[in-house]
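Asks:
Numbering (full-length UniProt numbering), first residue to last: 1 to 288.
1. Taking the alpha-carbon positions, what's the residue 192 to residue 216 distance?
2. Quick check: the region 169 to 176 against the region 65 to 80, are at least 3 beta-carbon pairs closer than 8 Å?
3. Please list, in chain order, all residues of the same chain as residue 28 whose beta carbon is under 7 Å from its beta carbon, the five residues on each side excluded.
4. So is residue 243 buried or exposed if we call it buried at 16+ other beta carbons inside 10 Å?
5. Looking only at C-alpha atoms, which of 124, 171, 221, 210 sits nearest to residue 236?
6. Excluding the 5 residues preceding and the 5 following residue 81 in the sequence, name in chain order all residues of the same chain whose CB lies nearer than 7 Å to its CB.
7. What residue ranges within the region 233 to 263 form continuous alpha helix (DSSP H) runs of no fewer than 4 residues, ordered along the chain?
8. Quick one: give me the first and last residue of the alpha helix (DSSP H) that residue 199 is part of.
9. Taking only three categories from DSSP, how would you classify residue 69?
10. Could you pull the DSSP bridge partners for residue 75 from this structure?
11. Please classify residue 251 as buried or exposed, where buried requires at least 16 other C-beta atoms within 10 Å of its C-beta.
12. Does the pairing of the region 52 to 68 with the region 84 to 94 give three or more beta-carbon distances under 8 Å?
13. When burial is assigned at 16 or more other CB atoms within 10 Å of the CB, is residue 109 buried or exposed?
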C-alpha cells in the first residue's frame, strides 16, 4: 500500500512541477481536453458521427450544431469528437508498438555482435531513407486505404529512430561499471538488458514518444486528407479538413472544425513533451 502511495505521490509531484511551467500548464491542459473529449464523446453529444441529414447541410454554427454541419448534414462537433478517438487510438497504439519493436531491435543492435549491429543499422537507414509519402503510397497500393495502412506507415517511420536511440544508449551503458560487474558475476545477457540497461534508457525514450505523438496525429490526418487513411464514413480530422477545402465556397467553418483540433493537439503534446524533457534531462539545466 505504501509503495502504491509513493508511486501516486510521485505522479502528483510531477504534475505539479509541470503545471508550474507556463508551457507545461498549457500543454497538459490541452492534452487533458483532447483526451477527455475523445473518451467521453458519446456523453458530450447526442448525435452520431455518420448520421446524414440532407435538410441541414452546410448549417452554420449554432446552439443546435456547435460547429455547424458538413455537405451531408452531419454534425461537425460530433465528428470532431469521434475523430479524436480515431486520432488518439492510432497515435497511442502505433507509437506504443513502434516503441516496443524499436526497444527490442535497439537492445539487440547495441548489445549483440558487431556483424548483427551493422546489419540492423543498414536496415534502419534503408527504411529511414524512404519519404513518408512514398511509404504511404506503397502500403496503400498493397493493402488499400485503411487504418492498418496508417499504423504500418507510423511504425516504419518511428521504429528506426527509436531503435537507433536505444542502440546508442545501450552501447554507452554496455561499458558501465555496474554492467561489467554483473557480467563478471555470470549474469545472463537477458538479465543484464532487463535489469541494468533498460530501466536506465526507457525514461528519456518515453519523453521522446510524448513529442512524437503529434507527429503521428499529423501523419494520420495527412493520409486521411489525401484519401489514403481511414475509410469513410469513419470520422477523421484529415477527412473533415478535406471536406472543408472541397466546399470552402459554401462553408468556411468545416475547415476550422477540421484544422483546429489538429493544431491544438500538436501544440498540447509538443508543449507537454518539451516540459518533460526540460524537467528530467539534467543536461538542459546546465548540470552534468
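We put the beta carbon where it would ideally sit given N, CA and C, even for glycine.
Replies: Well, looking at it:
1. Each residue's alpha carbon lies about 32 Å from the other.
2. Result no; under three Cβ-Cβ pairs closer than 8 Å.
3. Cβ-Cβ distances below 7 Å link residue 28 to 18, 19, 272 in the same chain, with the five nearest sequence neighbours on each side left out; the list follows chain order.
4. Sixteen is the threshold: when 16 or more other Cβ atoms of the shown chains lie within 10 Å of the Cβ of residue 243, as they do, the residue is buried.
5. Measuring from the Cα of residue 236, the nearest candidate turns out to be 221.
6. Only 37, 38, 41, 44, 45 meet the Cβ criterion.
7. If we require 4 residues or more, the alpha helix (DSSP H) runs fully inside the region 233 to 263 come out as 237 to 246.
8. Element bounds for residue 199: 198 to 225.
9. Residue 69 falls in the strand class under three-state DSSP.
10. In the DSSP output, where bridge partners are listed per residue, residue 75 has 69.
11. With 16 or more Cβ atoms within 10 Å of its Cβ, residue 251 is classed as buried.
12. No: the two stretches stay apart, fewer than three of their Cβ pairs being nearer than 8 Å.
13. Answer is buried; the Cβ neighbour count reaches 16.
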